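Novice:
Residue numbers (the working numbering): 1 to 727.
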């Protein structure tokens, strides 16, 4: 007997272009028709039944719910009489059975063909991009699931026009569809406009998007670079034909603009910025996008008119889209992907746009910032809470084209001195006396400075350490060493790994990104004797030390980590540990604020901690990182932004967190002196001590805690210093 796994049959059928659900294709073998099973538009689908000779009857059949057994029997009879290969017969029979068995799922799935168009949508970008997330959430309002596959543009359009999918995404502009497609209501799409050298003065009206022909006519003497073969608005052809210069790629135009061979470049805003970030980083800050965009061009979903439900889908989509836009959800989806909404501030207050990461400490800052707005009625805050990887990209692209989207940006120890050196950040000199700048930890201040000048103010600082479940250790008769090694971690993770109980031995960041998985891998490499470069800047990533560290990292996660480790970064693994699904977690000291809070952590009473593990070398096993707030040089509200920075990174703010959230959650970056006259619970001051090796003092200093035991603290009494361990 030939045994076939169900998933193998489905996979092979799909590879042969056999549509299974929804079933819209005639199923045949060697010219013999087995059944024509069309897609139903409701839960009770009309099907063509199979008679005992394996042939379809003359009339459409009955309700799937009423005749499922009868049709299933006929399908099996037809399958038995086929003289084809058993494996092929099984594929066909399975397809027929899946279509005959009653299922609401097939009718509730909307299949769309999509085209890569970063950063708006793409197969390999975060959540497949803003447009995909928007479409999924809009259709979810009608209880519909969305299946999206990416194709080349011509293939995607052909699939939709032939009715093999329900629609295509995106159709760019109202005139870009075809008679075979019904366009949805518009939603934000491309921003086609002009890019110039930053030092050049170009006459450009504030309402250029409303009268692009006039704006282009005023620029007719300038050389404008365009993309060969691109479909351009009619206004372009009418206004700039004498000065157009064509090239094969946007990257060529970018180089020509930088070299002065053209004066302007017609390009989509985010296309230009992404090209600079990925391919021409030396041009960041040298070019500027003229605002507003000349041709803001919306996206549409093109619904396939060949589909019997296209009118119902179009109506449901448009209605839900309008409701989401009115509720501000569309705007929030845009912001969560780091994209800009074309809206303006109302009232007379200065609106500060803040780009920040979506980790717990930043969300606390967002919640408490209402106090700042009450004390500063001339300022309103517009928060853009973004995934860490997306935020880094969008901050760079904002700087690349001088877009000025952000007035305040959350930035780290790595970028700050580099960006400050290049003039991309506002220097933060002459801080007020009550800010107590001298109390900033020296290592943190140095990491946020260039040539002694601060370019960002630290919101908090962190290192890394080992968290573990004391209850699980006690139950297993195990002890966490006072100074664990990675060999200890592997041994303990193996002993505590219990997938059946929903507890994995160890959790580590596995999500792609230098702020995610690489944040964990780099210290592992360091403490195994590896490094990124040698003294002559030659890469050393192929050395035995790197191999040992990477093999250990992979082995820990494959054997004792979550099955979906590659999808989990800092926030996801933090939540796993807090929910009781990890025995050991090696990550940021700042996470203690959530883990020791019983309102947010199910294991708050059972958390123990130890230093970060060491490998073959007792050096570099910790990291030093600081999330800080900076003002980009492109902001037009620098004075207002400065007031917020000083408030959000002050000792007063830390006291407010301690009072309202718990001292364990207070952001560590300063030393601590209680504010005179305030009734605050005192906490021990940070003290710094230098490491000594062989009796010789080093320049590496470590902020040490006054309470280094692994006992479980109260969230209202635990000093936040426990979160500030680093070299």
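The beta-carbon is built from N, C-alpha and C at its ideal position, and this holds for glycine as well. Just so we're clear, the structure is a prediction, and the values are computed from it rather than from any experiment.
1. Can you round the beta-carbon distance between residue 393 and residue 429 to whole angstroms, since I take them to be within the 8 Å contact cut?
2. So which of 293, 291, 165 and 602 has the shortest CA-CA distance to residue 778?
3. Going by the beta-carbon positions, is the gap between residue 505 and residue 522 smaller than 8 Å?
4. Have a look at residue 623 and residue 463 and give me their C-alpha separation to the nearest angstrom.
5. Hey, quick one: how far does the alpha helix (DSSP H) through residue 497 stretch, first residue to last?
6. If you pair each beta-carbon of the region 627–641 with each one of the region 395–411, do three or more pairs fall below 8 Å?
7. Between the C-alpha atoms of residue 449 and residue 380, what's the straight-line distance to the nearest angstrom?
8. Give the range of the alpha helix (DSSP H) segment to which residue 193 is assigned.
9. Thinking C-beta only, is residue 295 closer than 8 Å to residue 732?
10. Note down the Cα distance separating residue 65 from residue 551, rounded to an integer number of angstroms.
11. Would DSSP call residue 244 helix, strand or coil?
12. So, for residue 368: in the same chain, excluding its five sequence neighbours on each side, which residues have a beta-carbon less than 8 Å away from its beta-carbon?
13. Buried or exposed: residue 388, going by 16 or more other Cβ atoms within 10 Å of its Cβ?
14. The beta strand (DSSP E) that contains residue 336, what's its start and end?
15. Counting only runs of 4+ residues fully inside the region 455–493, write out the alpha helix (DSSP H) ranges in chain order.
16. Excluding the five sequence neighbours on either side, which residues of its own chain have a C-beta within less than 7 Å of the C-beta of residue 536, listed in chain order?
17. Confirm, please, whether the CB-CB distance from residue 225 to residue 201 is below 8 Å.
18. In this structure, how does DSSP classify residue 623 when only helix, strand and coil are distinguished?
19. Kindly identify the DSSP beta-bridge partner or partners of residue 303.
20. Residues in its own chain within less than 8 Å of residue 534 by CB, not counting five upstream and five downstream?
21. Go ahead and pull the three-state DSSP assignment for residue 674.
22. Assuming residue 147 is part of the beta strand (DSSP E), what are its boundary residues?
23. Leaving aside the five residues before and after residue 411 along the sequence, list all residues of the same chain whose C-beta is less than 6 Å from its C-beta, in chain order.
24. Can you name the residues that DSSP bridges to residue 110?
25. Do residue 286 and residue 736 come within 8 Å of each other at the CB atom, strictly closer than that value?
26. Compare the C-alpha of residue 227 against each of 254, 155 and 315 and name the closest.
27. Which term fits residue 231, buried or exposed, when burial requires 16 or more other beta carbons within 10 angstroms of its beta carbon?
28. Name the DSSP bridge partner or partners of residue 588?
29. Kindly list the residues whose CB is nearer than 8 Å to the CB of residue 334, restricted to its own chain and excluding five residues on each side of it in sequence; keep chain order.
30. What's the gap between the Cα of residue 152 and the Cα of residue 158?
31. Which of helix, strand or coil does DSSP assign to residue 563?
32. Using the three-state DSSP reduction, which class does residue 527 fall into: helix, strand or coil?
33. Distance, Cα to Cα, residue 84 vs residue 163?
34. CB-CB under 8 Å to residue 310, same chain, minus the five flanking residues each way: which ones, in chain order?
35. By Cβ distance, which residues of its chain are closer than 8 Å to residue 595, with the 5 residues on each side in sequence left out?
36. Please list, in chain order, all residues of the same chain as residue 209 whose beta carbon is under 7 Å from its beta carbon, the five residues on each side excluded.
Specialist: If we stick to the structure as given:
1. With 8 Å as the limit, residue 393 and residue 429 do not qualify as a contact, their Cβ atoms being about 29 Å apart.
2. There is simply no residue 778 to check, as the chain begins at 1 and stops at 727 in what is shown.
3. no
4. 5 Å
5. No alpha helix (DSSP H) holds residue 497; DSSP gives it neither H nor E.
6. yes
7. 28 Å
8. Note, residue 193: premise wrong, no alpha helix (DSSP H); beta strand (DSSP E) at 187–197.
9. The question about residue 732 has no answer, for the chain in this structure spans 1 to 727.
10. Caution is warranted here: a pLDDT of 40 is assigned to residue 65, below 50, making its placement in the model unreliable, and the coordinate value is therefore given only provisionally. So the alpha carbons of these two residues sit roughly 54 Å apart.
11. strand
12. 653, 656, 657 and 660
13. buried
14. From DSSP, residue 336 is part of no beta strand (DSSP E) but of the alpha helix (DSSP H) over 329–336.
15. 470–476
16. none
17. no
18. coil
19. 167 and 182
20. 540
21. No answer about residue 674 holds up, because its pLDDT of 46 lies below 50 and its placement is not dependable.
22. 145–150
23. 456, 628 and 630
24. 146
25. Residue 736 falls outside the range modelled here, since the chain spans only 1 to 727, and no answer is possible.
26. 254
27. exposed
28. 464
29. 130, 188, 340 and 341
30. 10 Å
31. coil
32. helix
33. Note that residue 84 has pLDDT 43, beneath the 50 cutoff, so the model's placement of it is unreliable and no number is given.
34. 166, 167, 182, 303 and 304
35. 467, 574, 577, 578, 601, 603, 604 and 607
36. 292, 293, 294 and 296
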